[in-house]
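Residue numbers (this note's numbering): 91 to 550.
Beta carbons are placed, not taken as given, at the ideal position from N, Cα and C, and that holds for glycine.
Note that the structure is a prediction, hence the values are computed from the model and not measured.
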RNA sequence: GGCCCCAUCGUCUAAUGGUUAGGACAGCAGGUUUUCAAUCUGUUAACCGGAGUUCGACUCUCCGUGGGGUCACCA
């Protein structure tokens with residue numbers, strides 16, 4: 091392992107969205123690429139807003155994404171070092187205690203600690219942006235602690251980073267203005283200034299910093315909706331980064347191989363949820379049949395298993411695979427009418443005979459001059475039913491063989507006038523799977539039974 | 001407003017002085033074994049503006065303009 095160390099320091103004050111985790115991802119990729127250490131540090135110096143629930147959310151998110159870390163710490167547990175640093179700065183007259191009225195309007199006089207700003211120009215080299223110079227004079231003597239026992243962000247970060255020997259600080263561009271004052275503190279403490287890489291911000295539709303407030307989903311919500319971690323990883327990495335070339339679908343391993351800070355964009359990038367959907371579909375295609383079934387099954391309501399046997403459910407899931415964007419679409423499979431007809435008879439008391447008849451009868455635009463009546467439809471269904479009855483066990487092994495057996499008849503009579511009533515009698519859905527897939531899923535008996543029901547209504 | 005950063009299709013981007021400015025998502029059109037998907041094919045669409053530098057600028061420089069970030073006893 092090299093001596094390179096990076097870290098991801100989220101504050102547990104909310105469920106972070108994809109923008110924050112992209113920072114974690116960049117750090118992780120950089121670490122793996124360079125055979126370095128990746129640290130997770132929970133920044134909870136703001137005790138009022140920090141919550142255990144959020145800390146757990148961070149850990150769960152990282153684990154779900156598969157971003158393992160080589161070290162874990164909680165900032166508040168390093169309070170002794172922070173206090174020591176505050177004392178050291180005060181003793182060396184690089185900081186001082188100042189009696190001031192509390193900002194909360196209470197009128198209480200408190201003793202806060204301010205940094206004695208040397209008022210100089212700080213220049214640092216950013217690995218993405220290049221040289222950046224800032225005159226720190228206008229920062230004034232900024233506050234570094236609420237009191238001698240209670241450090242604030244800048245002080246805590248600098249002390250912690252120094253102690254864990256962080257060499258590369260990879261963080262969002264919104265931290266760029268924090269960098270000069272942190273460098274001032276590092277210098278005052280006599281520590282080593284790390285390398286900085288400020289990555290472009292992830293923007294919302296309005297081109298402003300992505301935020302929960304504007305509807306950005308947390309990583310945990312994506313997990314809940316049935317997105318694949320590999321898709322989130324892939325999509326997030328491609329916000330503000332592109333390895334060049336035309337390949338876009340990458341696994342985590344491949345991402346590590348091609349990751350390079352020099353290929354990180356400088357400008358902010360708008361997050362496109364529609365493209366994330368595409369990434370997810372592509373990553374679903376990468377799954378083996380068994381992995382896919384296993385993944386998707388965890389999103390299906392338990393009652394479905396009572397209504398349909400595992401064998402049939404597997405058939406349904408495999409056939410439905412191409413149209414699935416994310417697994418959570420199956421979350422109401424037990425009641426969603428775009429799925430229920432696949433495993434429950436659509437012929438129920440809610441539908442009138444007239445309704446069923448109008449569905450099964452070939453619509454005008456599809457007739458192509460042919461004369462279609464209830465009687466002819468009944469006759470066609472009769473023929474189709476007989477063909478299905480003649481199918482052998484092995485014919486039911488694939489959609490393809492079922493189609494083969496029915497195809498000649500459909501061509502002879504006219505595809506539209508055979509296939510439409512067939513599909514409708516099996517599904518009673520305006521939009522549905524094709525009839526061959528339906529017969530494959532339903533099996534001989536149920537297929538024939540549904541067709542017979544449609545037929546009996548045709549006769550009335 | 002001060003300070004800092006950025007600027008290629010609607011969006012994400014490729015191009016590192018010489019290309020008909022490429023790809024992906026979305027859009028549109030069409031094909032496909034009925035519907036809806038899926039899939040295949042085709043297609044619309046961009047170098048923020050102005051000066052330079054150069055034989056030659058998307059690429060380099062400067063000035064505008066636009067956008068963003070940040071100005072806490074939050075992180």
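DSSP three-state assignment for residue i, whether helix, strand or coil
| i | result |
| --- | --- |
| residue 94 | coil |
| residue 172 | helix |
| residue 295 | coil |
| residue 221 | strand |
| residue 131 | strand |
| residue 112 | helix |
| residue 240 | strand |
| residue 286 | strand |
| residue 189 | strand |
| residue 348 | helix |
| residue 359 | strand |
| residue 100 | coil |
| residue 550 | coil |
| residue 528 | helix |
| residue 389 | coil |
| residue 230 | coil |
Nearest residue (CA-CA) to residue i, options the options
| i | options | result |
| --- | --- | --- |
| residue 407 | 374, 437 and 497 | 374 |
| residue 370 | 321, 404 and 357 | 321 |
| residue 486 | 249, 502, 529 and 460 | 529 |
| residue 202 | 180, 165 and 220 | 180 |
| residue 294 | 490, 108 and 542 | 108 |
| residue 339 | 349, 156 and 324 | 324 |
| residue 136 | 225, 500, 240 and 501 | 240 |
| residue 94 | 123, 381, 420 and 345 | 123 |
| residue 218 | 355, 372 and 254 | 355 |
| residue 160 | 383, 335, 166 and 125 | 125 |
| residue 390 | 400, 334, 422 and 276 | 422 |
| residue 535 | 476, 97, 510 and 502 | 476 |
| residue 288 | 386, 353 and 192 | 353 |
| residue 469 | 96, 450 and 458 | 450 |
| residue 113 | 194, 417 and 309 | 309 |
| residue 413 | 260, 300, 291 and 522 | 522 |
| residue 444 | 276, 260, 383 and 546 | 546 |
| residue 366 | 347, 328 and 230 | 328 |
Start-to-end residues for the beta strand (DSSP E) that takes in residue i
| i | result |
| --- | --- |
| residue 237 | 233 to 237 |
| residue 204 | 199 to 205 |
| residue 164 | 161 to 164 |
| residue 88 | What the structure shows of the chain is the stretch from 91 to 550, and residue 88 is not part of that stretch, so it cannot be assessed. |
Run of the alpha helix (DSSP H) containing residue i, from where it starts to where it stops
| i | result |
| --- | --- |
| residue 415 | Residue 415 -> no alpha helix (DSSP H), and no H or E assigned at all. |
| residue 437 | Neither: residue 437 is in no alpha helix (DSSP H) and is coded neither H nor E. |
| residue 254 | Premise fails: residue 254 is in no alpha helix (DSSP H) and is neither H nor E. |
| residue 153 | 142 to 155 |
| residue 126 | Where residue 126 is concerned, there is no enclosing alpha helix (DSSP H), given that its DSSP letter is neither H nor E. |
| residue 266 | Careful: residue 266 lies outside any alpha helix (DSSP H) and carries neither H nor E. |
| residue 511 | 505 to 517 |
| residue 377 | That residue, residue 377, is in no alpha helix (DSSP H); it is neither H nor E in DSSP. |
| residue 339 | Looking at the DSSP string, residue 339 is not in any alpha helix (DSSP H), and its letter there is neither H nor E. |
Bridge partners - residue i, DSSP secondary structure assignment
| i | result |
| --- | --- |
| residue 213 | 223 |
| residue 308 | 107 |
| residue 354 | 331 |
Chain-order list of residues whose beta-carbon lies under 6 Å from that of residue i (same chain, five-residue window excluded)
| i | result |
| --- | --- |
| residue 460 | 504 and 507 |
| residue 163 | 131 |
| residue 166 | 134 |
Cutoff 7 Å; reference residue i; Cβ partners in own chain excluding five residues on either side
| i | result |
| --- | --- |
| residue 491 | 485 |
| residue 269 | 214 and 286 |
Chain-order list of residues whose beta-carbon lies under 8 Å from that of residue i (same chain, five-residue window excluded)
| i | result |
| --- | --- |
| residue 264 | 291 and 299 |
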